[in-house]
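Q:
In this note's numbering, the protein residues as written are 242 to 781.
1) What three-state label does DSSP hand residue 332 in the structure shown?
2) From residue 674 to residue 638, what distance separates their C-alpha atoms?
3) Do the CB positions of residue 572 and residue 448 come within less than 9 Å of each other?
4) By the DSSP assignment, the alpha helix (DSSP H) with residue 690 in it spans what residues?
5) Quick one: Cα of residue 537 to Cα of residue 401, how far?
6) Please report how far the alpha carbon of residue 693 lies from the alpha carbon of residue 626, in whole angstroms.
7) One question on the structure: do residue 501 and residue 510 come within less than 9 Å of each other, judged by their Cβ atoms?
8) With DSSP collapsed to three states, give me the class of residue 757.
9) Tell me, which residues are paired with residue 323 by DSSP?
10) With a threshold of 16 other CB atoms inside 10 Å of the CB of residue 331, please say whether the residue is buried or exposed.
11) Between 705, 688, 761, which has its C-alpha nearest residue 740's C-alpha?
12) Please tell me whether residue 619 and residue 757 are closer than 9 Å, where the distance is taken between their beta carbons.
13) Is there contact here, the region 723-734 with the region 593-608, by at least three beta-carbon pairs under 8 Å?
14) Per DSSP, what are the beta-bridge partners of residue 580 in this structure?
15) Mind checking who residue 702 pairs with in its DSSP beta bridge?
16) Using the Cα positions of residue 581 and residue 772, report the straight-line distance between them to the nearest angstrom.
17) Any idea if residue 781 is buried or exposed, counting beta-carbon neighbours within 10 angstroms, 16 or more meaning buried?
18) Determine the extent of the beta strand (DSSP E) in which residue 366 is found, giving its start and end residues.
19) Among residues of its own chain, excluding the 5 on either side of residue 528, which ones have a beta-carbon nearer than 6 Å to its beta-carbon?
20) Is the distance from the Cβ of residue 445 to the Cβ of residue 460 below 9 Å?
21) Comparing the C-beta of residue 374 with each C-beta of chain C, is any distance below 9 Å?
22) Just to confirm the assignment, what range does the beta strand (DSSP E) spanning residue 465 have?
23) Got a sec? Which residues, its chain only, sit under 6 Å from residue 576 by beta carbon, not counting five neighbours each side?
24) For a quick check, are the C-beta atoms of residue 704 and residue 753 less than 9 Å apart?
25) So what's residue 297 in DSSP terms, helix, strand or just coil?
26) Could you tell me the alpha carbon to alpha carbon distance between residue 278 and residue 608, rounded to whole angstroms?
27) In chain order, what residues of the same chain lie with their CB nearer than 8 Å to the CB of residue 778, ignoring the 5 residues before and after it?
28) Anyone know if the C-beta pair for residue 487 and residue 493 falls short of 9 Å?
29) Work out the CA separation of residue 368 and residue 404 for me, nearest whole Å.
30) Quick one: using the 10 Å Cβ neighbour count with 16 as the cut-off for buried, is residue 451 buried or exposed?
31) Run through DSSP, which three-state label would residue 775 get?
32) Given this structure, state the Cα-to-Cα distance separating residue 633 from residue 670, to the nearest angstrom.
33) At 3 residues or longer, and completely inside the region 649-677: list those beta strand (DSSP E) runs for me, N to C.
34) Closest to residue 396 by C-alpha separation, out of 383, 370, 377, would be which residue?
35) Taking the straight line between their C-alpha atoms, what separation do you get for residue 744 and residue 342?
36) Identify which residue in 523, 424, 656, 592 has its Cα closest to the Cα of residue 706.
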């Protein structure tokens with residue numbers, strides 16, 4: 242079962258969704274011409290038409306090696322990825338068994354359009370385990386921006402994980418403890434084989450995802466056999482439902498259809514309000530041309546009325562109505578917004594930006610673990626790199642006042658990024674410093690890293706923000722901004738909006754998640770975006 246693919250696709254969509262800007266400049270780029278492929282137009286033989294029992298798994302023998310070096314087996318499976326009925330990319334799984342070691346690589350590549358600007362995001366996770374499913378290590382390659390970030394981890398006998406992150410020519414090293422009972426690809430495969438496909442049976446698995454560096458609890462339920470459409474070929478497969486419990490995001494559910502050998506032939510999942518499918522197919526079709534899916538059209542939430550002069554508004558109360566499962570609508574509360582879930586599933590969110598206190602100094606000297614965590618460097622907020630420290634000191638100057646410092650950093654970043662391009666998927670702070678381009682998420686990671694570099698706790702916040710006009714839309718689109726901890730309060734910052742003359746953070750923002758810039762911090766977006774409409778706004 243392709244549960245880890247599900248996490249990868251969630252991350253891809255979350256990162257691609259945070260891209261709205263206020264009053265965007267017209268882009269000079271033309272969208273890449275991509276041929277639309279429908280079920281009716283699918284060329285003959287591009288999708289495997291044999292029965293499930295006859296369909297072979299691609300095997301690519303290793304050449305020019307001595308027999309002792311050849312793998313015992315190597316299998317490659319290909320999948321086409323569809324969103325809202327359009328083919329947007331592919332997924333590939335390769336499993337190699339060599340002596341007592343199993344190496345499983347899972348790749349997801351998706352191309353979408355953001356305001357007619359094509360963006361391709363590619364993620365590859367490789368897990369290295371024993372044939373008994375014991376974790377030995379992992380590799381991750383995330384190609385989401387200007388550069389590729391690579392992560393390598395090794396698990397020792399004591400369960401300590403040594404992690405090395407490589408990006409922009411530098412390395413970051415860290416350690417963590419392997420989660421008790423967590424499995425990766427081979428461990429999960431062995432578990433599912435041992436549990437079988439008896440209808441009505443249920444079990445749990447603790448699945449470690451190298452892409453988000455954490456384990457997620459999965460509840461797996463075996464359903465009945467269903468006649469499943471595999472791109473025009475109808476096959477009887479067993480339905481398996483997997484519910485991931487994501488901290489801070491609630492539950493995310495996917496449905497997998499497997500054959501008698503437990504091979505996944507189709508996976509269906511709702512992500513960010515969109516219908517996503519992954520279907521097993523021939524290599525030629527999986528890697529072939531894609532359709533054009535305009536993400537902005539899918540991600541915008543209409544406002545019941547225009548919001549004017551947001552810089553002078555004290556607060557706005559939003560009445561949110563779930564459009565799907567009300568239990569999945571998880572809206573956090575923080576210093577700037579309060580969320581209340583009513584018995585009918587409605588969520589009332591009041592956003593009232595806190596005033597930045599005066600007289601607070603920096604760096605932070607407290608002992609609150611959560612606040613201290615927000616001062617540390619991460620894979621995407623490299624606040625310990627010399628060039629980011631130097632840039633931060635240049636922005637802050639000689640001020641000792643924390644509020645003045647964060648306002649200076651916000652204004653500096655607003656001017657520093659010269660090319661507000663939607664073609665960047667998700668870049669780290671170091672990449673943004675070097676390229677000086679990106680959209681709201683790039684403004685946010687650089688702002689957070691610069692605050693942390695001078696000892697001011699800061700987080701990247703993702704959610705929805707109101708814009709008057711973005712690609713012809715008026716309403717709330719996916720957006721990223723910041724909050725910095727000053728004088729006992731989390732103060733909102735928005736360098737991206739400040740760069741457009743809007744003024745920065747205001748009550749036109751609805752936060753859905755916050756963290757250290759790690760993609761896994763923002764999985765709540767996957768279960769919340771597209772899951773509500775705004776019934777009413779009350780402006781004060």
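Glycine residues also receive a C-beta, built at the ideal position from the N, C-alpha and C atoms.
A: Answer, in terms of the structure:
1) Reduced to three states, the DSSP call for residue 332 is strand.
2) 18 Å
3) no
4) Residues 681-694.
5) 42 Å
6) In this structure, the CA atom of residue 693 is about 11 Å from the CA atom of residue 626.
7) No, the Cβ-Cβ distance between residue 501 and residue 510 is not below 9 Å.
8) coil
9) 328, 518
10) By the neighbour-count definition (other C-beta atoms within 10 Å, threshold 16), residue 331 is a buried residue.
11) 688
12) yes
13) yes
14) Residue 580 pairs with 590.
15) 722, 755
16) 16 Å
17) exposed
18) 358-371
19) Scanning its chain for C-beta atoms nearer than 6 Å, with the 5 sequence neighbours on each side dropped, one finds around residue 528 the residues 331, in chain order.
20) Contact check for residue 445 against residue 460 passes: the beta carbons are separated by less than 9 Å.
21) Annotation note: the requested chain C is absent from the structure, which comprises a single protein chain.
22) 455-471
23) 595, 730, 731
24) yes
25) The predicted position of residue 297 is uncertain, since its pLDDT is 39 and thus under 50; a value taken from the coordinates is nonetheless stated next. In the structure shown, residue 297 sits in coil (DSSP, three-state: anything other than H, G, I, E or B).
26) Only weak support is given to the placement of residue 278: the predicted model assigns it a pLDDT of 37, under 50, and the value that follows is read from those uncertain coordinates. The straight-line gap from Cα to Cα measures roughly 57 Å.
27) The residues 544, 545, 546, 548, 557, 558, 559, 560, in chain order, have a CB closer than 8 Å to that of residue 778 in the same chain once the five nearest residues on each side in sequence are set aside.
28) yes
29) 13 Å
30) buried
31) strand
32) 12 Å
33) none
34) 377
35) 56 Å
36) 592
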